[in-house]
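Please read the structure below before turning to the comments.
Numbering (the working numbering), first residue to last: 9 to 203.
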């Protein structure tokens, strides 16, 4: 008798499915601004990195990004931070798309002061877009040791960047609608003065 078979190791696939499930379960209940802190927290935990952040391009201020959510060492950084994009891996992500620097990122970007301050060794980021492919910002993870995540981490980042882009677009739209409503209400309430 002769038997032929194939042995397939599904350990990596199962691990990837569990990572995806963990991030989904940790973020599914959140929408709008509440989504971002939960996403960076779950991504940092699942990927085992020190830092995860979502940055939004600052409207009207070319070359700057504003943090929407930042997770550092398992803690959310509550205050909004602004950073210059020039000479940073984030600038490259926004220009070229998904970028991975598995090690020596400070040597590649020697003028990026935040990388030095945070002792970042590795970086992976991907852009955030609206439904019409307008660039909104980026989602990135960083660590103080080399990143050996490979394709599963890239896929995870890309999947959640799509949702983060949709949520960021929703927040912007909601803010614009609220501002428009406030202007309209002001005009109605003060119409006798305007006439």
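By construction, the Cβ of each residue, glycine as well, lies at the ideal position given by its N, Cα and C atoms.
The structure displayed is predicted, hence computed values, not measured ones.
- Fully contained in the region 72-129 are the following alpha helix (DSSP H) runs of length 4 or more, in chain order: 97-104, 113-116 and 121-125.
- Taking C-alpha positions only, residue 174 is separated from residue 62 by approximately 13 Å.
- Counting only the Cα atoms, residue 181 lies some 23 Å from residue 148.
- Inclusion of residue 73 and residue 84 in the CB contact set at 9 Å is not warranted, their separation being larger than that value.
- Comparing alpha-carbon positions, the option among 111, 65, 82 and 52 lying closest to residue 143 turns out to be 65.
- 129 is the residue among 99, 136, 129 and 169 whose C-alpha sits nearest the C-alpha of residue 58.
- The closest CA to that of residue 47, considering only 67, 78, 132 and 71, is found on 78.
- Only residues of its own chain outside the window of five on either side were considered, and among them 117 and 120 have a CB closer than 7 Å to the CB of residue 96, listed in chain order.
- Where residue 54 is concerned, there is no enclosing beta strand (DSSP E), although the alpha helix (DSSP H) around it starts and stops at 43-55.
- In terms of Cβ geometry, residue 134 and residue 165 form a close pair [threshold 9 Å].
- For residue 156, the CB contacts under 8 Å within the same chain, skipping 5 residues up- and downstream, are 110 in chain order.
- Here residue 108 is not near residue 123, since their CB atoms are 9 Å or more apart.
- Considering only 160, 71 and 86, the residue with the shortest C-alpha distance to residue 101 is 71.
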